[in-house]
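Here is the structure we will look at, set down as structure tokens.
Residue numbers (the working numbering), protein chains in the order written: chain A, 3 to 306; chain B, 497 to 766.
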């Protein structure tokens, strides 16, 4: 009825404040990143040449535009460090996301098959670590993985190894850290689709003579694809830009792009190159980001 | 029947292993925070000395205080803005720039923090804003209002619209119907959103590092610089205190959502 429409008008006004906020503090900043990525590196405070001054008029703007340089971007392509960093970030993200899917799926499946009342409990148990500080959880693993840490103590006591294994500063440690931190992000969307699934479909497939693996592969898994997609994107995109976990757990010889960017920014103080690296990272992530947005929108519409 | 029971044993095993994986590291950390020994790995009996050490560490206390202030203010602003955004998205139907609006609200949820932090810093430098408490608060508000918007929006989505329509049929104007009917119904989601924003802000390292100024480090920044230098038992104690604080927050949030489910509505997803 029309009452719906009466409500719609004031509700639209509710958008004004958050809209302006996001414009100013989310969208506009990218204009500055773009601007600085095109400026020259300078030893100054702030460490880049001011590019254009809108108050100086059109002529000044034209000369400024002529002075734009894509040197920073050229540097990114020609310098092996950056190319390797991007490749490594993508490799790590793909590997970690695959591990997360492998580990998270059985857990989400187990949750979805629990009795109703237990499902809520299991869900809270999975969410709680997500609320617990991210940095603290990584730190907890440093405690366990260090040279004389708990893991080595246990392995030695069980005589599985004869001397302590080096865990810290290795890729294995980094993958443990990433899987540990992102697991709830993978489990929750998977669980959401698996819990909604009609169990009769699986039973029907079983009654028709399909062995369990076939039931899973031909019925359950295809039906859970929306959850798989959401989980994969929710993990993949942030892992590509991950900084803290590789910095604390992985070795320092092969950096991911998030670390390279951070170093360039804080240690080398090369803001223009760091900005250019951020722009390239954003472009690399644009496709998955748009996919995520579309998926999110579809799920919200379904939920209605 | 036999097939089903074998399957569920596998389910239970994977679930138990998964939960053990999620909780054991935190549990170990908490236990070792009470370790009397200076060596983090050697058990020297129960003691509170590292808590004592923390409360005498001025720099850490100041950082913790800064973090708490930022978390409370940014969570409050974010809850206000995020709720408005959720109302606009789920009740405003179509409006100009709606797609851009929802895109801007979803992007920060997954965007690598390094990019968000870098872009905000460049904005603050361009605006010549003095970096410190307010710049970190603004940055955290921008990130966390998106989470609040998602939580509140999903609650609004599951709400029966006929309740609002009934209120208006009985003569309420839309604003009154919202305050008298809708707001109490979504209150648990708003509380949960505030809690989520609070813990996210308390936890954030990357964005805070980019947007803070000298002399106003937050707790994660301090912890991070200590951890990089090696494991210190004092950090175990600080981490345990943070975990305890968050546990309290979770208990309040779950009480809020229980309150809503006891009214006979489905609970919010968070």
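Using N, Cα and C, we set each Cβ at its ideal position, and we do this for glycine too. Small disclaimer: the values here were computed from a predicted structure and weren't measured.
*Nearest-angstrom Cα distance between residue 624/B and residue 618/B?*
10 Å
*Report yes or no: is there a C-beta of chain A within less than 9 Å of the C-beta of residue 530/B?*
no
_What does the alpha-carbon distance come out to for the pair residue 307/A and residue 589/B?_
Since the displayed chain A opens at 3 and closes at 306, residue 307/A lies outside it and no answer follows.
*Between 591/B, 739/B and 660/B, which lies nearest to residue 524/B when the distance is taken from Cα to Cα?*
739/B
*Confirm, please, whether the CB-CB distance from residue 520/B to residue 109/A is below 9 Å.*
no
*Report yes or no: is there a C-beta of chain A within less than 9 Å of the C-beta of residue 699/B?*
yes
*Residues of the region 245-274 of chain A with a CB closer than 7 Å to any CB of chain B: list them in chain order, please.*
245, 246, 250, 260, 263, 264 and 267
*Would you check if the distance between the CB atom of residue 296/A and the CB atom of residue 228/A is smaller than 9 Å?*
no
*Indicate whether at least one CB of chain B lies closer than 9 Å to the CB of residue 118/A.*
no
_Residue from 517/B, 674/B and 507/B with nearest C-alpha to residue 13/A_ = 674/B
*For residue 531/B: DSSP bridge partner residues*: 542/B
_Buried or exposed (CB count within 10 angstroms, at least 16 for buried), residue 154/A_ = buried
*Taking residue 701/B as the reference, which of 694/B, 551/B, 715/B and 538/B has the closest Cα?*
715/B
*Does residue 242/A have its Cβ less than 9 Å from a Cβ in chain B?*
yes
_Suppose the cutoff is 7 Å on Cβ atoms and the five residues either side in sequence are ignored; what does the same chain contact list for residue 687/B look like?_
749 and 752
*Where does the unbroken alpha helix (DSSP H) through residue 195/A begin, and where does it stop?*
173-198
*Thinking just about the alpha-carbon of each residue, which of 510/B, 680/B and 529/B is nearest to the one in residue 731/B?*
529/B
*Taking DSSP as the reference, what is the three-state secondary structure of residue 165/A?*
coil
*asked:* Using a Cβ-Cβ distance cut-off of 9 Å, determine whether residue 566/B contacts chain A.
replied: no
*chain A partners of residue 675/B, CB-CB under 7 Å?*
What residue 675/B touches in chain A: nothing, since even the nearest Cβ is about 11 Å away.
*Quick one: Cα of residue 249/A to Cα of residue 642/B, how far?*
27 Å
*Buried or exposed: which applies to residue 145/A, given that a residue is buried once 16 or more other Cβ atoms fall within 10 Å of its Cβ?*
buried
*Please name the residue in 681/B, 640/B, 651/B and 644/B whose C-alpha comes closest to that of residue 659/B.*
681/B
*Going by CA-CA distance only, name the one from 261/A, 289/A, 202/A and 286/A that's closest to residue 276/A.*
261/A
*residue 82/A: first and last residue of the uninterrupted alpha helix (DSSP H) it sits in*: 82-114
*Start and end of the alpha helix (DSSP H) containing residue 201/A?*
201-209
*Are the C-beta of residue 638/B and some C-beta of chain A separated by less than 9 Å?*
yes
*Are the region 106-122 of chain A and the region 74-87 of chain A in contact at 8 Å, needing three or more beta carbon pairs?*
no
*How about residue 199/A and residue 91/A: do their beta carbons lie closer than 9 Å?*
no
*Kindly confirm or deny that the region 636-653 of chain B and the region 564-582 of chain B touch, where touching means at least three C-beta pairs closer than 8 Å.*
yes
*What are the complete alpha helix (DSSP H) segments, minimum 4 residues, inside the region 252-279 of chain A?*
259-268
*Using the beta-carbon count (16 or more within 10 Å), is residue 195/A buried or exposed?*
buried
*Name the chain B residues whose beta carbon is nearer than 8 Å to that of residue 38/A?*
618
*In terms of residues, what are the limits of the alpha helix (DSSP H) holding residue 692/B?*
679-699
*Any C-beta of chain A sitting closer than 9 Å to the C-beta of residue 710/B?*
no
*Return the residue from the list 158/A, 149/A and 290/A that minimises the CA-CA distance to residue 251/A.*
149/A
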